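Undergrad: Take this structure first; my questions come after.
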Amino acid sequence: MITTLNISGLHCPACEKLTEKRIFAISGVKTVRVNSNNGKAVIEADRNLDDTEINQVLTGLPYHAKNN
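Mind the numbering: the sequence shown is residues 2 to 69 in this note's numbering, read in order.
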């Protein structure tokens, strides 16, 4: 399944990499692409992911996920 979320607080490639690393740690995630220019994360996973689950792994970072 492909999930696209808005991610607020992204400013640079380092933000992208840190966010991708955290999201990739979620069980079932196959690929993650985060774009700081448009504030989007595109996630391919074995199952549907929602913003609550993404925000749990982003805890402590200045980023917040929201469903499109």
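Note that the Cβ used here is the ideal one computed from N, Cα and C, for glycine as well. Since we're looking at a predicted model, the values are computed, not measured.
1. Compute the Euclidean distance between the alpha carbons of I44 and T4, then round it to the nearest angstrom.
2. Out of V35, L6, A26, which has the shortest C-alpha to C-alpha gap to H12?
3. Assuming the contact rule is C-beta atoms closer than 8 Å, A46 and L6 should be a hit. Round their C-beta distance to whole Å, please.
4. Using the Cα positions of P63 and K18, report the straight-line distance between them to the nearest angstrom.
5. Less than 7 Å between the beta carbons of L59 and R23, yes or no?
TA: In this structure, then:
1. 5 Å
2. V35
3. That belief does not hold up - the Cβ atoms of A46 and L6 are roughly 12 Å apart, past 8 Å.
4. 14 Å
5. yes
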